[in-house]
Structures are given as C-alpha cells and as structure tokens.
Amino acid sequence: MWEAADQTAKPLISYSGSLPTKLYRYRSVSADNLGRLIEFEILEEGVYLAGLKDLNDPDEGRFLIKFEGSRSQIASYWREAFRSSDPAMTSREAERLADERADEII
Numbered sequence: 634m635w636e637a638a639d640q641t642a643k644p645l646i647s648y649s650g651s652l653p654t655k656l657y658r659y660r661s662v663s664a665d666n667l668g669r670l671i672e673f674e675i676l677e678e679g680v681y682l683a684g685l686k687d688l689n690d691p692d693e694g695r696f697l698i699k700f701e702g703s704r705s706q707i708a709s710y711w712r713e714a715f716r717s718s719d720p721a722m723t724s725r726e727a728e729r730l731a732d733e734r735a736d737e738i739i
C-alpha cells in the first residue's frame, strides 16, 4: 500500500544537504516535571511524541498519505494494521474497523 513519493513532483517540504545524524527534541525542564522525565524517558526508555494538534512548527508532522487499490485491498491493509498493533483485538472488530477506514478513504 505504501509507496515512495513521486521524485518528479514538487515536494511539500524541501531540505538541502545531508540528513542530520541525530534528532533533538527541545522541552523545558522544571522541578515539577524532572521526576517524570527521569522515570519515563530514562528509566523506562520511553519517548514522548506530541500529537499533530500540539505541534508549533508548520513543517512538523506534515506528511502525505496516499492509498491506491481496490476497496478490498485498502480494507486488507487496515485489517492487518489493526491485528498487528492490537493482537487482542477480535477478528470481527478488526474487520469492522478496517471496513470503516476503507469507506472513509474511498
């Protein structure tokens, strides 16, 4: 279902030069959140990712999703995505959600 972007099309975002070797996330540290940061991000090796609505840079989170194929192929993609992300989900629920997503996309 996923495919590389068309290299001849005008890009939504451009970046010249080589990609950075590290990505950084800037966030203030205070006495109130220091314990939580140590617990979650260091001890549990977790990473907090803000939702798209919480981003403050217009180029953050900008991406293009393109689905091609029949309704059946799109539903199949979602069915597998739901099953792999939630193994406890019933086949019936995965099927129902996959059908909903396919209908929304089409």
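Here the numbering used here runs 633 ahead of the position in the sequence shown, where the first position is 1.
Every residue gets a Cβ at the ideal spot worked out from N, C-alpha and C, and that includes glycine.
The structure displayed is predicted, hence computed values, not measured ones.
Would you report the Cα separation of residue i and residue j, rounded to the nearest angstrom?
| i | j | result |
| --- | --- | --- |
| residue 666 | residue 678 | 16 Å |
| residue 711 | residue 664 | 43 Å |
| residue 637 | residue 702 | 15 Å |
| residue 728 | residue 735 | 10 Å |
| residue 725 | residue 698 | 26 Å |
| residue 731 | residue 708 | 5 Å |
| residue 641 | residue 714 | 30 Å |
| residue 639 | residue 654 | 25 Å |
Which of helix, strand or coil does DSSP assign to residue i?
| i | result |
| --- | --- |
| residue 684 | coil |
| residue 678 | coil |
| residue 700 | coil |
| residue 671 | helix |
Assuming contact is defined by CB atoms lying nearer than 8 Å, are residue i and residue j in contact in what I supplied?
| i | j | result |
| --- | --- | --- |
| residue 662 | residue 670 | yes |
| residue 704 | residue 739 | yes |
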